[in-house]
Amino acid sequence: MQSFLHPPSNFNHLPYPWTTIQQPQLKTQIFVPPKTCLRILTIASSLRTSIDYGCEPEESVSRESGRLPVAIHSSGSVSRYLWDGNNLQLVGVDGGSTSFSFDFDDGLRNLGRVCSLAIRDFLIPKKVSKNYIEYVKWKCLHRIFSSALQVLATQAMFRAIGIGYSRSLPSAAALNWVLKDGLGRLSRCIYTASLASAFDTNLKSAVHRSFALADNLGEVSAKSQIQTVCFDNLGLLLAAFLNVLFKNNQRLQAGLPFIVYPIFSAIDLFGIYQELKHVHLQTLTKDRLEVILNTWVESGYVPSPAEVSKLEGIDFPWTKGKDLWPIRIGCLNPKDHFSKMSMVAMQSLSSAEYYFISMETFHSRMPRRVQQGIIICLREGATTGNVIMGLLQACYIRKALHLNKSRWEKILEASDLPESVLNEWLKLLKECKVRAQDDLCLLNAQMKGLGWTMKNILLSTQEQNRYSFIDD
225 MQSFLHPPSN FNHLPYPWTT IQQPQLKTQI FVPPKTCLRI LTIASSLRTS
275 IDYGCEPEES VSRESGRLPV AIHSSGSVSR YLWDGNNLQL VGVDGGSTSF
325 SFDFDDGLRN LGRVCSLAIR DFLIPKKVSK NYIEYVKWKC LHRIFSSALQ
375 VLATQAMFRA IGIGYSRSLP SAAALNWVLK DGLGRLSRCI YTASLASAFD
425 TNLKSAVHRS FALADNLGEV SAKSQIQTVC FDNLGLLLAA FLNVLFKNNQ
475 RLQAGLPFIV YPIFSAIDLF GIYQELKHVH LQTLTKDRLE VILNTWVESG
525 YVPSPAEVSK LEGIDFPWTK GKDLWPIRIG CLNPKDHFSK MSMVAMQSLS
575 SAEYYFISME TFHSRMPRRV QQGIIICLRE GATTGNVIMG LLQACYIRKA
625 LHLNKSRWEK ILEASDLPES VLNEWLKLLK ECKVRAQDDL CLLNAQMKGL
675 GWTMKNILLS TQEQNRYSFI DD
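See below:
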């Protein structure tokens, strides 16, 4: 554990020359400025070392105490060097006190601290972000109840096919591991292979990288595997405990899965939701980038990964299209109501442009009605900068539409768009493009400064559709 020590506020105002103090016990000369501050090291009860700075008079460093101004930080504990007149001693510091009297309560407290530090070092990497501890807490809750639920469900299946109590629990535990490690991996392979183009190829590494503060991605990944095994074993112990608790009551034992399943499932889902809320990914998706750009357009700053994680929610199908003029990346529907507007946008394209923006209509699911939206069509060879530029321009267009909401709704609901509307739409496109170009450099600089990964934007299968430019 590292500590950052700062000089006292009156350090630059010390008189010169410095004085020399002769200490016979050490037989050395120690040069100290008058009225120095002795820094006292304390250990917080929350397993983290905190350093308090307290000013003591010069006489506190006396011949009798032998305290030396050097402390060692190791595995969350702090020890200080002492000089007894003949030899050096390394003594643990507890709450800033250098007392050597140990009673029974101190022994239990020290034992508990040592055990908690050992568990923490076993499960938690050295250098991780602040939200990692909360993530592990919810992961522990999720893994324990998920593992216990799997064991109890498998045990209920064995009882249903006639395997008795004495053999159902061991068989359920064994089959649970087989299903989790064997069939679970097979299912993940099939699912990932079918949707590989829509997901990051190494999403778990992206999660781990969001917690690592140094080049310790391997340590974070290894600790994650240790946590999973330990928490799953705790869930197995919980299932075994429930079986032992109700082994004398066959009726309760038979109804245990029906009682436990809804409770454990709710706790498991709640733990997963809270666990994911503490994962602050720096990778960009279309939805995540849209949150960033909306905040930039409305408030003039780039939100951090932690802020975006709080704004992100569960993407249910019935929530899509809830906002006015939602933005989509994909291909045009030739039978759309705004096909004439799209035709004008395509006619104005040049070989230097890698996207164009148009309006579209779609059917929202809840409530079922026809709604207008904004679509961005990307060209082959479009880079990350082109995607950011197009989405930023679309966000400015949506803001302009919101400012004249009632007027634009009446215009866009017309069966046939007149020439004046098309000209006004082209003018709006140009104005918003100029604003987006002016903001792009500063926006990219702030996003990089906050740690956003700018190399790639993860798009779904439909969002990866591209058009090619034909220069006739």
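Counting from 225, one number per residue, gives the positions in the sequence shown under this note's numbering.
Even for Gly, the Cβ is constructed at its ideal location relative to N, Cα and C.
In this text the structure is predicted, and so the values were computed from the model without any measurement.
For a test of the three-state rule: what should DSSP assign to residue 596, helix, strand or coil?
On the sequence shown, residue 596 is found 372 positions in, with the first residue counted as 1. In the displayed model, residue 596 falls within a strand according to three-state DSSP.
Straight-line Cα distance separating residue 560 from residue 517
Locating residue 517 in the sequence shown gives position 293, counting from the first residue. Locating residue 560 in the sequence shown gives position 336, counting from the first residue. One C-alpha to the other measures close to 27 Å.
Within the same chain, show all residues whose beta-carbon is closer than 8 Å to that of residue 505, passing over the 5 residues directly before and after it, in chain order.
Locating residue 505 in the sequence shown gives position 281, where the first residue counts as 1. So the list reads 430, 431, 434, 512, 529, 533, once near-sequence residues are dropped.
Backbone secondary structure at residue 669 - three-state DSSP
Within the sequence shown, residue 669 is the residue found at index 445, counting from 1. For residue 669, the three-state secondary structure derived from DSSP is helix.
Spatial neighbours of residue 660 within its chain, please: C-beta separation below 7 Å, excluding the five flanking residues on both sides.
Residue numbering aside, residue 660 sits at position 436 when the sequence shown is read from its first letter. Around residue 660: 613, 616, 617, 620.
Which value, in whole angstroms, describes the spacing of the CA atoms of residue 679 and residue 345?
The residue given as residue 679 occupies position 455 in the sequence shown. The residue given as residue 345 occupies position 121 in the sequence shown. Answer to the nearest angstrom: the Cα atoms are 34 Å apart.
Residue 486 by DSSP, collapsed to three states: which one?
Counting from one through the sequence shown, the residue named residue 486 turns up at place 262. Under the three-state reduction of DSSP, residue 486 is assigned to helix.
For a test of the three-state rule: what should DSSP assign to residue 637, helix, strand or coil?
Mapped onto the sequence shown, residue 637 falls at position 413. The answer is coil: DSSP assigns residue 637 none of H, G, I, E or B.
Terminal residues of the alpha helix (DSSP H) in which residue 316 lies:
In the sequence shown, counting from the first residue as 1, residue 316 sits at position 92. Per DSSP, residue 316 lies in no alpha helix (DSSP H); the unbroken beta strand (DSSP E) holding it starts and ends at 312-316.
Relative to the alpha-carbon of residue 553, which residue among 486, 582, 338 has its alpha-carbon at the smallest distance?
Taking the first residue of the sequence shown as 1, we reach residue 553 at position 329. Nearest option by C-alpha distance: 582.
Compare the beta carbon distance of residue 454 and residue 376 with 8 Å and say whether it is the shorter of the two.
As a first step, residue 454 is located in the sequence shown; it is residue number 230 there, counting from the start. As a first step, residue 376 is located in the sequence shown; it is residue number 152 there, counting from the start. The answer is no: Cβ separation not under 8 Å.
Within a Cβ cutoff of 7 Å, which residues of the same chain sit near residue 370, ignoring the five residues on either side of it in sequence?
Taking the first residue of the sequence shown as position 1, residue 370 is located at position 146. Correct list, in chain order: 459, 492.
In the DSSP output, which residue or residues are listed as bridge partners for residue 508?
In the sequence shown, residue 508 corresponds to position 284, counting from 1. Partner(s): 681.
May I ask which residues mark the beginning and end of the alpha helix (DSSP H) holding residue 368?
As a position in the sequence shown, residue 368 is number 144, starting the count at 1. Unbroken alpha helix (DSSP H) run through residue 368: 355-384.
Can you give the Cα-Cα distance for residue 562 and residue 584, rounded to whole angstroms?
On the sequence shown, position 338 is the one that residue 562 refers to. On the sequence shown, position 360 is the one that residue 584 refers to. Using only the alpha carbons, I get a separation of about 6 Å.
For the beta strand (DSSP E) that residue 694 lies in, which residues bound it at each end?
Translated into positions along the sequence shown, residue 694 becomes position 470. No residue range can be given for residue 694, since it is assigned to no beta strand (DSSP E) and is classified by DSSP as neither H nor E.
Below 8 Å, can you find three or more Cβ-Cβ pairs linking the segment 657-676 to the segment 496-503?
The answer is no - the segment 496-503 does not touch the segment 657-676, with fewer than three Cβ pairs under 8 Å.
Report the partner residues of residue 295 according to the DSSP bridge assignment.
By one-based count along the sequence shown, residue 295 stands at place 71. Partner(s): 304.
N-terminal and C-terminal residue of the beta strand (DSSP E) that residue 551 is part of:
To locate residue 551, count along the sequence shown from 1; it is residue 327. 551-553 is the extent of the beta strand (DSSP E) around residue 551.
Report the option in 360, 381, 648, 569 whose CA atom is closest to the CA atom of residue 495.
Against the sequence shown, residue 495 aligns to sequence position 271. Of the listed residues, the one whose Cα sits closest to residue 495 is 360.
Closest by C-alpha distance to residue 567, when choosing among 597, 649, 526
Along the sequence shown, read from residue 1 onward, the residue named residue 567 stands at position 343. When only C-alpha atoms are compared, the closest one is 649.
What separation, rounded to the nearest whole angstrom, lies between the Cα atoms of residue 535 and residue 341?
Taking the sequence shown and counting its residues from 1, the one referred to as residue 535 is at position 311. Taking the sequence shown and counting its residues from 1, the one referred to as residue 341 is at position 117. Each residue's Cα considered, the two are about 35 Å apart.
Can you check which of these residues, 308, 309, 303, 307, is closest to residue 316 by C-alpha distance?
Counting from one through the sequence shown, the residue named residue 316 turns up at place 92. Of the candidates 308, 309, 303, 307, 303 places its Cα closest to the Cα of residue 316.
Residue 620: first and last residue of the uninterrupted alpha helix (DSSP H) it sits in:
Position 396 of the sequence shown holds residue 620. Looking at the DSSP string, the run of the alpha helix (DSSP H) that includes residue 620 is 608-627.
Note down, in chain order, each residue of its chain lying with its Cβ closer than 6 Å to the Cβ of residue 602, except the 5 sequence neighbours on either side.
Position 378 of the sequence shown, counted from the start, is the residue given in the question as residue 602. The residues are 579, 690.
For residue 379, is the classification buried or exposed, using 16 other Cβ atoms within 10 angstroms of its Cβ as the cut-off for buried?
In the sequence shown, residue 379 corresponds to position 155, counting from 1. Counting Cβ neighbours within 10 Å, residue 379 comes out buried, since at least 16 surround it.
Are the beta-carbon atoms belonging to residue 353 and residue 437 less than 8 Å from one another?
Against the sequence shown, residue 353 aligns to sequence position 129. Against the sequence shown, residue 437 aligns to sequence position 213. Contact check for residue 353 against residue 437 passes: the beta carbons are separated by less than 8 Å.
Compute the distance between the beta-carbons of residue 625 and residue 520, then report whether it is under 8 Å.
Mapped onto the sequence shown, residue 625 falls at position 401. Mapped onto the sequence shown, residue 520 falls at position 296. Annotated as distal: residue 625 and residue 520, with beta-carbon spacing of 8 Å or more.
Could you give the distance in angstroms between the alpha-carbon of residue 456 and the alpha-carbon of residue 497?
The count along the sequence shown starts at 1 and reaches residue 456 at position 232. The count along the sequence shown starts at 1 and reaches residue 497 at position 273. Approximately 18 Å between the Cα atoms of the pair.
How should residue 488 be labelled, buried or exposed, when 16 other C-beta atoms within 10 angstroms of its C-beta is the threshold for buried?
Position 264 of the sequence shown holds residue 488. Around the beta carbon of residue 488, a 10 Å sphere encloses 16 or more other beta carbons of the protein chains shown; the residue is thus reported as buried.
Going by the DSSP bridge assignment, what does residue 182 pair with across the sheet?
Residue 182 cannot be examined here, being either before or after the span of the chain that is shown, 225 to 696.
Expressed to the nearest angstrom, what Euclidean distance is found between the alpha-carbon atoms of residue 687 and residue 606?
Taking the sequence shown and counting its residues from 1, one reaches residue 687 at position 463. Taking the sequence shown and counting its residues from 1, one reaches residue 606 at position 382. If I take the Cα positions, the gap works out to 12 Å.
Do residue 447 and residue 293 count as a contact pair if the criterion is CB distance below 8 Å?
Taking the sequence shown and counting its residues from 1, the one referred to as residue 293 is at position 69. Taking the sequence shown and counting its residues from 1, the one referred to as residue 447 is at position 223. 8 Å or more divides the Cβ of residue 293 from the Cβ of residue 447.
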